Amino acid sequence: SYTASEKLAIIDEAKKIGILAAERHFDIDQSMVSQWISNEKKLANVIPKNRYVNAGRFLTYPVIEEELVTWIKELHLVGIT
1 SYTASEKLAI IDEAKKIGIL AAERHFDIDQ SMVSQWISNE KKLANVIPKN
51 RYVNAGRFLT YPVIEEELVT WIKELHLVGI T
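So that you can map any letter, position 7 of the sequence shown is 7 in this note's numbering, and since no number is skipped, the others follow by simple counting.
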């Protein structure tokens, strides 16, 4: 199974060299590459380490949770962990 970031990298390569060439290069099925290309916009919005679109829990309070993540990252930057 590939992560979202790996799938996006394979999509980029497939756009450069073609789907069939990417299939041979990465040793994956052509239909998978085609399916990933169809879902490219969804994959771009997925957390890079996730392996599936719509995986994980849905955010209950997305704005607050995003602010919390930003606050925690700021604390890490100043050395508070």
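All C-beta atoms, glycine included, are put in the ideal place defined by N, C-alpha and C.
Here the structure is a predicted model, which means the values were calculated and not measured.
Original post:
Going by C-alpha distance, which of A21, D27, D12 and K15 is nearest S1?
Top reply: Counting from 1 along the sequence shown, the entry for residue 1 is found at position 1. Checking every option, the nearest Cα to that of S1 belongs to D27.
Original post:
How about V33 and A21: do their beta carbons lie closer than 8 Å?
Top reply: For the purposes of this step, residue 33 is taken as the residue at position 33 of the sequence shown. For the purposes of this step, residue 21 is taken as the residue at position 21 of the sequence shown. Not closer than 8 Å, so no.
**OP:** Measure from the alpha carbon of Q35 to the alpha carbon of each residue in K16, I11, G18 and E65, then state which is nearest.
**Re:** Sequence index remark: in the sequence shown, residue 35 carries index 35 (1-based). Ranking the options by Cα distance to Q35, first place goes to I11.
Original post:
If you check the beta carbons only, do E40 and Q30 fall under 8 Å apart?
Top reply: Reading the sequence shown from its first residue, position 40 is the one you call residue 40. Reading the sequence shown from its first residue, position 30 is the one you call residue 30. No.
**OP:** Mark L43 as exposed unless 16 or more other C-beta atoms lie within 10 angstroms of its C-beta, in which case mark it buried.
**Re:** Stepping through the sequence shown from its first residue, residue 43 is reached at position 43. Per the 10 Å Cβ criterion, buried.
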